[in-house]
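S.K.: Starting off with a structure, shown below.
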Amino acid sequence: ARALIELGQSSTLGGLMLKNQELLKMIGVSSTQIEILVDAAMGAGAEGAKLSGAGRGGNVIALVTQESKEQVTRALMDAGAVRVIVTEVGSR
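Taking our numbering, I'd label the letters of the sequence shown as residues 17 to 108.
Have a look at this one:
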């Protein structure tokens, strides 16, 4: 993940995040609410999204661009997120 961020390949990382989420769903560690949030983030322009946390998740991480972060934040809140925290990575 770090190498992809450093290389500016966030869309590749986003695709890998989404593939990982699909695998987590297949093995039964996702939930309906997590899937709703992932779908909301992706529909609002996130480059990738997946659950995070031990035992059925509890958190969703979405990879967004500067341009899509407000729209994704709104979509997550509208879809039932309790809180959204935005952290900027890749800048120095």
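Cβ coordinates follow ideal geometry from the N, Cα and C atoms, glycine included. Source: prediction; values computed, not measured.
Using a Cβ-Cβ cut-off of 8 Å (strictly less than) and excluding sequence neighbours within five positions of Ile52, which residues of its own chain qualify?
M.R.: The residues are Ala95, Gly96.
S.K.: Mind checking whether Ser26 and Thr103 have CB atoms under 9 Å apart?
M.R.: The answer is no: Cβ separation not under 9 Å.
S.K.: Roughly how far, in whole angstroms, is the beta-carbon of Ala57 from the beta-carbon of Val105, given that I think they are within contact range, below 8 Å?
M.R.: Not quite, the Cβ-Cβ distance comes to about 16 Å (not below 8 Å), so this is no contact.
S.K.: Gly64 by DSSP, collapsed to three states: which one?
M.R.: It is a strand residue.
S.K.: In terms of residue numbering, what span does the beta strand (DSSP E) encompassing Leu79 cover?
M.R.: That run of the beta strand (DSSP E) goes 75-79.
S.K.: Within 10 angstroms of its Cβ, does Val98 collect 16 or more other Cβ (buried), or is it exposed?
M.R.: Label assigned to Val98: exposed.
S.K.: How far does the alpha helix (DSSP H) with Gln49 in it reach, from first residue to last?
M.R.: Per DSSP, Gln49 belongs to the alpha helix (DSSP H) from 48-59.
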